[in-house]
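Numbering (mature numbering (1 follows the signal peptide of the UniProt record, and there is no 0)), first residue to last: -25 to -1, 1 to 431. Down below is the structure, laid out as structure tokens.
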């Protein structure tokens, strides 16, 4: 295992960005006025038996993330600004780092918001935001701000959310998704500060409309439909797949509640066109892809609110032919349905069939846990599995990727101020992950991360 390099001075640099703030002490958020909040997180990650090609078989890194958020409220108006500083230490040439781990000193939020109560009728609520913002919409399987990952997705544009009589709710966006910079490995390793790019070369717009249909007193049941359109074209310095994707979504979900069954069924269908490579003259091909998530669960009426569920995730993969059938997860969260990103980063919502069992609960106010088991297959033998990069273009290595066991343990050492977290994954590799032409050697992958987060 590589010996960690000394990185104490650099580790201290990120937390000092927020510890220097006079608002580090707890304070109540005023109805009107200025509120300051944020967090400092230090994470140690280690992996043995790396599954992804062209990466260290054994590796360890330290991530730091420091944030500071200012919210100024005056009546119906809000002005919000938030800085993030996300860095990685102890990496080397074989460490698979990307902008998912590193984004030094970036303004991830900077917007003006306006509340318009009653604008859609008596008792209605409408909030409109203009500027750069992080977003969590619907199930978060299309647009999300993934908290486990060291960096976060931001979107610049217009965002509106509404609720009105009859249990109706909706959201609409017209955004330019921010593209994290720098992209070259040397600049990332040096933690070069470079403003993220937003522009009309990458646009995402659409909306979701839902209605609560549960009877009064029953667990909340929501029916929701949505549509998103993403268009992308090359920049002079950045070739892309020139995507033009339509994604439709339909979901019905009943929230967990003690002594009740809960469920969720979500289907997404994607169509449009996409270039077959990133070359500027690459031909375009039609797209036809789909994603399905299903869950059935039960919450026990015990002190821990123990929740047991059975689930299934499916996303199409690509196959030889004239149509692209690999599902594009857009800006979805990974941790909620699959496993941690970071050094592991194997399953994702693309070319996967993954039934599973999930057990979670909170035995006390300070402690909660999550345990999952997922046997995993490729939806298509010719495509790469999830986001692993492991592929057999001849389709001769089978489709069983392996059994994944995942756990998360969280404990509030100081309630609302200091949280400890452990995440662990064990992947017993299936035939595909052992025999595909670019598969890493070994029969298993073991991953762990230890997190300390201070909130203020």
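Quick reminder that beta carbons are idealized off the backbone N, C-alpha and C, glycines included.
Going by C-alpha to C-alpha distance, which of the options sits closest to residue i?
i	options	result
residue 199	241, 230, 70, 250	241
residue 375	385, 359, 381	359
residue 178	168, 196, 148	148
residue 102	189, 335, 137	137
residue 261	301, 333, 63, 255	301
residue 342	387, 330, 110	387
residue 379	331, 268, 267, 407	331
residue 197	205, 209, 184, 206	184
residue 295	363, 370, 350	370
residue 69	91, 46, 29	29
residue 357	263, 291, 213	291
residue 273	243, 372, 333, 44	333
residue 115	324, 338, 410, 426	324
residue 97	87, 139, 89	139
residue 391	424, 398, 428, 399	428
residue 277	267, 284, 321, 337	337
residue 350	27, 424, 303, 406	406
residue 426	19, 11, 8, 13	19
residue 286	347, 319, 320	347
residue 484	188, 155, 401	Because residue 484 is not part of the residues shown, which for the chain are -25 to 431, the question remains open.
residue 173	135, 159, 119, 108	108
residue 151	118, 73, 157, 169	118
Where does residue i sit, in a helix, a strand or coil, going by DSSP?
i	result
residue 140	helix
residue 410	helix
residue 429	strand
residue 166	coil
residue 160	helix
residue 202	strand
residue 79	strand
residue 293	coil
residue 318	coil
residue 330	strand
residue 71	coil
residue 189	coil
residue 432	Within the shown structure, residues of the chain are numbered from -25 to 431, placing residue 432 beyond reach of any answer.
residue 393	strand
residue 12	strand
residue 93	coil
residue -2	Only weak support exists for where residue -2 lies, its pLDDT of 34 falling under 50; the coordinates are left without a value.
residue 125	coil
residue 64	strand
residue 398	strand
residue 388	strand
residue 178	strand
residue 340	coil
residue 154	strand
Taking buried to mean at least 16 other C-beta atoms within 10 Å of its own C-beta, is residue i buried or exposed?
i	result
residue 22	buried
residue 256	exposed
residue 225	exposed
residue 252	exposed
residue 49	exposed
residue 212	exposed
residue 35	buried
residue 289	buried
residue 159	exposed
residue 322	buried
Can you name the residues that DSSP bridges to residue i?
i	result
residue 345	335, 383
residue 146	136, 183
residue 57	44, 84
residue 377	351, 404
residue 22	34, 422
residue 362	Per DSSP, none; premise fails for residue 362.
residue 286	270, 331
residue 108	130
residue 102	90, 136
residue 39	17, 62
residue 302	Beta-bridge pairing links residue 302 to no other residue.
Quiz item: What beta strand (DSSP E) runs, 3 residues minimum, are completely inside the segment 191 to 271?
Solution: 196 to 207, 219 to 229, 235 to 250
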